Each structure stands twice: as structure tokens, then as C-alpha cells.
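A.B. asks:
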Amino acid sequence: MTNPELLTDRRRIRRKLSFWRIMTALVAIALVVGLGLRFAGSGRGSDHIARIDISGIITDDQKLLDLIEEATEAEAAKAIVVSISSPGGTTYGGERIHKALLEAGKAKPVVADIRTLAASAGYMVAASTDHIVAGESSIVGSIGVIFQYAQAQELLDKIGVRLEAIKSSPLKAEPSPFKEASEEAKAMIRSMVLDSYDWFVDLVAANRRMERAEVLRLADGSIFTGRQGLANGLVDALGGEAEIRAYLKTRGVDEALEIVEWKVPDETTSLLFGGGAASLMQQILGAPLTISHEIDRLAGGKLFLDGLVSVWQVGGQSERD
1 MTNPELLTDR RRIRRKLSFW RIMTALVAIA LVVGLGLRFA GSGRGSDHIA
51 RIDISGIITD DQKLLDLIEE ATEAEAAKAI VVSISSPGGT TYGGERIHKA
101 LLEAGKAKPV VADIRTLAAS AGYMVAASTD HIVAGESSIV GSIGVIFQYA
151 QAQELLDKIG VRLEAIKSSP LKAEPSPFKE ASEEAKAMIR SMVLDSYDWF
201 VDLVAANRRM ERAEVLRLAD GSIFTGRQGL ANGLVDALGG EAEIRAYLKT
251 RGVDEALEIV EWKVPDETTS LLFGGGAASL MQQILGAPLT ISHEIDRLAG
301 GKLFLDGLVS VWQVGGQSER D
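Sequential numbering from 1 applies to the sequence shown in the numbering used here.
Structural data, given as C-alpha cells:
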């Protein structure tokens, strides 16, 4: 006679095996879907126009640079459209994207599609393309560089805290947030800011084919609407996709080509699954596989933004101040 406990154990083992078989099958499906999406490239295999989004605070983003390089080298991508909605960011971050887009422009047409705004380093990116299209009410400009640091000396004095420092030279670690900056320190930082500012002005003058004096007239930190930018030579056309396609047609790009979104792979899941499969697994498991986007959202996209920056700040001082 069969032992009831033995039967119960066998049923329990079968249930566990069934569960893991189902999970294995789901993971296998996810892997196939992810790999299929990755190698299919979401339409990248056939001739198309690549669209790359640059939004939020601009930083030294290697994944974005890799994406631009990949689109540059892709034979199927007949042109690149860079959609920009950015108030700017670090000067170095803008510089690296600028150089990447210049390289891309040697291989194929590159167009800037300015959405809400392209200010400071955001405009630096736009000015690195062959053609700039903006909305009539888009915000452009704010050509300049700024270096900011907090000053907490008065607060420390009120609470009776004093910071002492022993330095190898007077300008080491200057300016400091713990004491008023010396004139020598201010002169040092201002020299850096103006040198980067001159570089920015020359970049715009060269890429926009404008006289340097004309760029200097506009480069006082002022922002402009798309309409004003067109009148001042900072923008080539007003509109959107129709105007972008019209320009690309003059460059020999078929205006009927599909515009395909090129996106930076997800940081934590792309190695195994790819975006589509990660989404599938998230639905299956009922929990997110990554929280990086939530951290970025809560931090406003800028946990840390050190050094020289070129960013439009509402209510702030001119970037040359």
C-alpha cells in the first residue's frame, strides 16, 4: 500500500518542477524577444533616418556618445536627427557631443530638431549640426559659460563654526565655500570662464558661418524665441518633421524614409534582455528590474553638476557675470 506522506511529497515536488519549468520557459521567451529586438534594431536594418533624443541636463554621457557613433557608422541610417530639449549642462559634456556630431556630419546629414528649448550647452549641441529647425516659440541661445559655488561663511559664523586649512599655495582649493574668495581666486576662475566663453563663441561663429562680432552681440546670455533665432541667424528654419524632411531631400535623402528612434540601451537589463524583454519580465514578475530612472527622475536629472557649466537658469545672472 502506498504511503500517503510519500504521495504528498511527490505531488509537492511535481508542483515545484512545474513552476520552475514555466519560469524557465518565460525567461527563454524573454531572451529570444530581447535578442530579436536587439539584432532587428527596431527597424534599423533597412534604410531609415535615425532620431536621437538629447534632453535634460547635458553631462559627459559615454552611452550617448556611443549611440551617436553607432548611428554614424550604420550604413542603413542615411541621416541623423538630433531632437533637443535641454537647458544646457556641463561645458565639457557639450564639447564631447559637439565633436561627435561634427564627426557624424562628415559621413551623413545631421539635423537639430529643437523642441522646447536648446539653451547654453543645449544650443552648443544644436550648433554642431548641419541644419537647425526650431518651433516658433522654442527657446534658443543663452550662449555663455558660468562657474558657481556656494558661500556659507555667514552661516558658519552664526553657528560658531570655523574651518581651518593648511594649503601648499594660496590658490589651492579656491574658491572655497567657507570663506570669501580672494581677488586672485576670482581672477583665476574668471580667466577660465572667459577662455571657455571665447571657445563657445568661436564654435558658434564657425558652425553657423557668422561673423564673430555678430555672435558676440548675441552671446550676452540672452535667450530668444525660435522666430527671433531665425532672424538672428541662430536657426535655419521654423517647423518640425516636414521642414526636416524638406532639408534632407536637398541632401539626397529620400523624404519617404521612416524616422526610427535610436535609444541608449537600459543600463541594467540590456546585457541580458534588451528593452522589450525587460518590460516583459517586469510585467511577469510584477516589479521593476531597475530603479535608475526613478533616481534620475527624483533628482531632476542632476545629482551633481560640478565645474564649468553652460546652462540657462531662469532668474539667474548672465553667464558672463
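Backbone N, C-alpha and C fix where the C-beta goes; we use that ideal spot for every residue, glycine too. These numbers were taken from a predicted model, which means no experiment stands behind them.
(1) With burial defined as no fewer than 16 other Cβ atoms inside 10 Å of the residue's Cβ, what is the status of A287: buried or exposed?
(2) Looking at the structure shown, is I356 part of a helix, part of a strand, or coil, going by DSSP?
(3) Are the beta-carbon atoms belonging to G233 and R251 less than 8 Å from one another?
(4) For a test of the three-state rule: what should DSSP assign to V82, helix, strand or coil?
(5) Cα-Cα, which of A127, E243, S46 is closest to I84?
(6) Enumerate in chain order the residues of its own chain whose CB-to-CB distance from V264 is below 7 Å, with the five nearest sequence positions on each side excluded.
(7) How far does the beta strand (DSSP E) with R51 in it extend, from its first residue to its last?
(8) In whole angstroms, give me the CA-to-CA distance for R227 and G135.
(9) So which of V133, K106, G93, D61 has the shortest CA-CA distance to V81?
(10) Comparing alpha-carbon positions, which option in H131, I139, E70 lies nearest K249?
(11) Give me the residue from E73, H98, R44, K78 with the minimum Cα distance to D60.
(12) When we look at the beta-carbon of S86 and count the other beta-carbons within 10 Å, is it buried (16 or more) or exposed?
(13) Identify the continuous alpha helix (DSSP H) that holds I68 and give its terminal residues.
(14) To the nearest angstrom, report how far apart S222 and S138 are at their CA atoms.
(15) Compare the C-alpha of L117 against each of G89, L102, G93, R96 and name the closest.
C.D. replies: Per the coordinate set shown:
(1) For the purposes of this step, residue 287 is identified with residue 287 of the sequence shown, where counting begins at 1. For A287, the predicted model reports a pLDDT of 47, less than 50, meaning its position is unreliable; a value from the coordinates is still stated below. With fewer than 16 Cβ atoms within 10 Å of its Cβ, A287 is classed as exposed.
(2) For the chain, the structure presents residues 1 to 321; residue 356 sits outside this window and is missing.
(3) Translated into the one-based positions of the sequence shown, residue 233 becomes position 233. Translated into the one-based positions of the sequence shown, residue 251 becomes position 251. In this structure, G233 sits away from R251, with a CB-CB distance that is not shorter than 8 Å.
(4) Locating residue 82 in the sequence shown gives position 82, counting from the first residue. Strand at V82.
(5) For the purposes of this step, residue 84 is taken as residue 84 along the sequence shown, with counting starting at 1. Of the candidates A127, E243, S46, the residue whose Cα lies closest to the Cα of I84 is A127.
(6) Stepping through the sequence shown from its first residue, residue 264 is reached at position 264. Within the same chain, V264 has close Cβ partners K63, L64, L67.
(7) One-based indexing of the sequence shown puts residue 51 at position 51. Taken as a continuous stretch (DSSP letters only), the beta strand (DSSP E) holding R51 covers 48–58.
(8) Residue mapping note: residue 227 aligns to position 227 of the sequence shown, counting from 1. Residue mapping note: residue 135 aligns to position 135 of the sequence shown, counting from 1. So the two alpha carbons sit approximately 8 Å from each other.
(9) On the sequence shown, position 81 is the one that residue 81 refers to. Taking only the C-alpha atoms, the option nearest V81 is V133.
(10) Looking up residue 249 in the sequence shown gives position 249. Answer by Cα proximity: H131.
(11) The sequence position of residue 60 within the sequence shown is 60, counting from 1. Closest option to D60, Cα to Cα, is H98.
(12) Your numbering for residue 86 matches position 86 in the sequence shown. Within 10 angstroms of the beta-carbon of S86 lie 16 or more other beta-carbons, which makes it buried.
(13) In the sequence shown, residue 68 corresponds to position 68, counting from 1. That run of the alpha helix (DSSP H) goes 62–73.
(14) Position 222 of the sequence shown, counted from the start, is the residue given in the question as residue 222. Position 138 of the sequence shown, counted from the start, is the residue given in the question as residue 138. So the two alpha carbons sit approximately 14 Å from each other.
(15) One-based indexing of the sequence shown puts residue 117 at position 117. For L117, the nearest C-alpha among the options comes from G89.
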